[in-house]
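Residue numbering for the sequence shown follows the working numbering, starting at 10 and increasing by one per position. Data block below; observations after.
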Amino acid sequence: MTYEGRIAGIYLDNLTAIFNHLSPEFNFVGRKNKSNSRNYNASDEINALLNYGFAILIHQLRR
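Below, the structure written as structure tokens:
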């Protein structure tokens, strides 16, 4: 696995732990989607918020 993949795994593991600590009622299990590999059409509230945040970040970086 590449360094980028390892770091992404560590980041997502910690993000999952933080979300589950702060809001256990969401039972966040990680990044996932309903129908495709690009994480559009979020499967839960946390993934929808992450999609929105990443979209804003990408927009700002492309300016």
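No residue lacks a Cβ here, since even glycine has one placed at the ideal position from N, Cα and C. Note that the structure is predicted; figures quoted are calculated from it, not measured.
With residue i as the anchor, note down where its alpha helix (DSSP H) starts and where it stops.
i: residue 36; result: Residue 36 -> no alpha helix (DSSP H), and no H or E assigned at all.
i: residue 22; result: 12 to 31
i: residue 71; result: 54 to 71
Residues in its own chain within less than 7 Å of residue i by CB, not counting five upstream and five downstream?
i: residue 39; result: 21 and 25
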